[in-house]
Structures are given as C-alpha cells and as structure tokens.
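Working notes, beginning with the structure itself.
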Amino acid sequence: MSIRVITSRQLALLGGSGALLLGASGCGAVKRGENPNLIAGKQEFVAKCGACHTLARAETKGTVGPNLDAAFSASLSEGERRSAVRTVVEGQVENPNRFGVMPSGLASGATLTNIASYIAESVDRPGKDSGLLATAVQAPGAGKPAVEKAGKLEIPADSSGQLSYATNKASATAGSVTITMPNTSGVSHNIAIEAGTAGASGPGPVLAASQFVTKGAASVSLKLKPGTYTFFCQAPGHRAAGMYGTLVVK
Ligand code: HEC
13 MSIRVITSRQ
23 LALLGGSGAL
33 LLGASGCGAV
43 KRGENPNLIA
53 GKQEFVAKCG
63 ACHTLARAET
73 KGTVGPNLDA
83 AFSASLSEGE
93 RRSAVRTVVE
103 GQVENPNRFG
113 VMPSGLASGA
123 TLTNIASYIA
133 ESVDRPGKDS
143 GLLATAVQAP
153 GAGKPAVEKA
163 GKLEIPADSS
173 GQLSYATNKA
183 SATAGSVTIT
193 MPNTSGVSHN
203 IAIEAGTAGA
213 SGPGPVLAAS
223 QFVTKGAASV
233 SLKLKPGTYT
243 FFCQAPGHRA
253 AGMYGTLVVK
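To convert, note that position 196 of the sequence shown is 208 in this note's numbering; the numbers rise steadily by one, no gaps.
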C-alpha cells in the first residue's frame, strides 16, 4: 500500500476510512518500537517550518503556508487519529508540491520523525506546552537589550528561526549609528527603522532599511535624533508575527 502525498483536506474527506488506511500502526502519533524526541522535534519545527507555518503550541506565527492547527482540526474532530496527521506531515515534507512554495529536502530520517511526531501531538490542542517542552525554545525577543557602542549597534535575528530578533529592546546615543543584524537562522530577514512605537501595526514612514540576508549579516546606517523608534523586519508577515522592537535614542 503506498500513500504518497495526501493533504489535510483529503484526510478530512477520508473520514473514518482514513483511520483504517493510515492509523493501522497504533493509537497515538508514536509508532511502536520508536522513540521520537519531541523536544528536538519542537526545536527543529521552529527552526525549519515555523517561519512559514502557524502552530499555536510551538508559538510560531508564519503565514506563508497553511495554519497547521486549522489544517487538521476538522479531521481530528471527526475522530481521525493523530498518527494519520503524522503520516500526512511526513508525506508533505518528503514530497512537497513541485510547483509550490514549500522547499523540498527540509528534513528526513530521525529529524523528520521528530518533527512530524511533535506536530501530530500538538496540532489543534488547546493550552501550552509544559515541562521540558515548554523551555525547548527560548522566548522570542527575551535576550539582553542591545546597546550602541562607538556608533555601532548589533541586533541579531533570532538564531532558532523564530520570527523575532534576539532582543526587542535597544538603545543608542544620538548621532550616526550603524545597525548590524547578524542572521544565522536560514530564514530571510532584514532590519528597518521607523520613528515612533507603532509596534506590530506599522509600517510608518521607513527612515532606513538594510538588505535582506538569509545567512550572514546586513547593516544599515542612519543619523538618529533623540526619540523613540521601532526596528522591524520587512519580510511579509514577520512584523505582524512579532519581529520588531523598540530603539530608544538619547
Ligand atoms: C518557505 C515556506 C515553507 C516552509 C519553510 C515550510 N512550509 Fe509547509 N507549506 C508551505 C506552503 C506554501 C504550503 C501549501 C502547499 C504548497 O505550496 O506546497 C505548505 C504545506 C504544508 C503542509 C500541508 C498542509 C495541508 O493543509 O495539508 C504541511 C503538513 C506542511 N507544509 C508541513 C511543513 C513542515 C513540517 C515544514 C518543516 C519541515 C514545512 N512545512 C516548512 C510553506 C512552507
């Protein structure tokens, strides 16, 4: 029996028979004899998938691909098993639509097992992760505030792949400042500056913006008067997902 790629929508249409086809191997998302690492699965999901997919338990807010909680809620409420969700996720990662946006080769082997098991255990489940899962990924933007020194201010992108900077607070003295954003995440980001504190809602008039970079560092230089500014990423959906912070200039 070979089921290649089946989508969440097809899974919902299969209804009860889907459980027979796909869920024969067990009751939860974990297959017998396997020991998937859900903590690693969450970390890998955030790093490789979260920039494009929303999953409430993982606190990811990507909007490029479908919201995974929404994608599977219908089939789960019809009694579909979580092991079937896992099979769909594995099929999608192994064989993404050739003409679609989702890259191929994102994960395989144990990494894919871990990611798919974490998703299957988490989708459409109310509440928050607890225990070791709760601390598997550091809270977005919670790093030490960035402080300008000798005209240079460094605000790294979140290295775990979350749509945030390492910190959401920065300060500088008035004058010429070069803001550098190192990015090791593999997700394309830039850093732009606007006056005021519009938060997630902006954008207001942009004063200056760096190039986009996926791996490496991007910089932007500008003259700043005393006041409060917002730094944010201009990739679609990233600011709304929380990729911004406040820069106070004195
Ligand atoms: C660059 C953005 C991007 C990344 C990264 C990405 N996806 Fe996707 N994903 C998409 C898009 C867009 C779709 C919609 C179908 C298509 O275009 O192929 C999709 C579809 C899916 C689906 C099918 C949902 C449904 O309704 O059936 C699943 C499951 C999925 N992705 C899981 C993952 C997993 C797991 C990862 C990480 C290993 C991942 N995606 C990484 C963009 C992405």
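All C-beta atoms, glycine included, are put in the ideal place defined by N, C-alpha and C.
ILE18 (DSSP reduced to helix, strand or coil) | Here DSSP, grouped into helix, strand and coil, assigns ILE18 to coil.
For MET193, write down the residues that DSSP places opposite it in a beta bridge.
-> ALA230
Would you list the one or two residues that DSSP bridges to SER183?
-> VAL159 and VAL260
Reducing DSSP to helix, strand and coil, say where ALA178 ends up.
-> coil
7 angstroms Cβ cutoff met for GLY254 and PRO138 | No, they are not a contact pair.
Using beta-carbon positions only, say whether THR75 and GLY249 come within less than 7 angstroms of one another.
-> Yes, Cβ-Cβ distance for THR75 and GLY249 is below 7 angstroms.
Rounded to whole angstroms, what's the CA-CA distance from GLU90 to VAL189? Just pull it up for me.
-> 57 angstroms
Alpha carbon to alpha carbon, how far is PRO48 from ALA132? Give it in angstroms, no decimals.
-> 12 angstroms
Verify whether the separation of the beta carbon atoms of LYS237 and ALA186 is less than 7 angstroms.
-> In this structure, ALA186 lies closer than 7 angstroms to LYS237 by Cβ.
Roughly how many angstroms lie between the CA atoms of SER29 and THR125, to the nearest whole one?
-> Annotation note: pLDDT 44 at SER29 (below 50); position unreliable, no value reported.
Please say whether GLY53 and TYR130 have beta carbons closer to each other than 7 angstroms?
-> yes
Just the Cα atoms here: how many angstroms apart are ILE18 and ILE167?
-> Their backbone Cα atoms lie some 41 angstroms apart in a straight line.
Inter-residue Cα distance where the pair is ALA36 and THR99 | Low confidence applies to ALA36: its pLDDT is 38, below 50, so where it sits in the model is not reliable enough to give any reading.
Whole-angstrom Cβ separation of ALA63 and GLY173, contact assumed at under 8 angstroms?
-> 6 angstroms
Could you please give the first and the last residue of the uninterrupted beta strand (DSSP E) stretch that includes THR244?
-> At residue 244 the sequence reads Phe, which differs from the Thr that was named. Where PHE244 is concerned, the enclosing beta strand (DSSP E) stretches over 239-244.
Using beta-carbon positions only, say whether VAL260 and SER183 come within less than 7 angstroms of one another.
-> yes
Compare the C-alpha of ASP141 against each of LEU67, PHE224 and SER231 and name the closest.
-> Closest by C-alpha distance to ASP141, out of LEU67, PHE224 and SER231, is LEU67.
If you check the beta carbons only, do SER222 and ILE203 fall under 7 angstroms apart?
-> yes
Tell me whether the beta-carbon of THR196 lies closer than 7 angstroms to the beta-carbon of THR242.
-> no
Taking buried to mean at least 16 other C-beta atoms within 10 Å of its own C-beta, is ALA154 buried or exposed?
-> exposed
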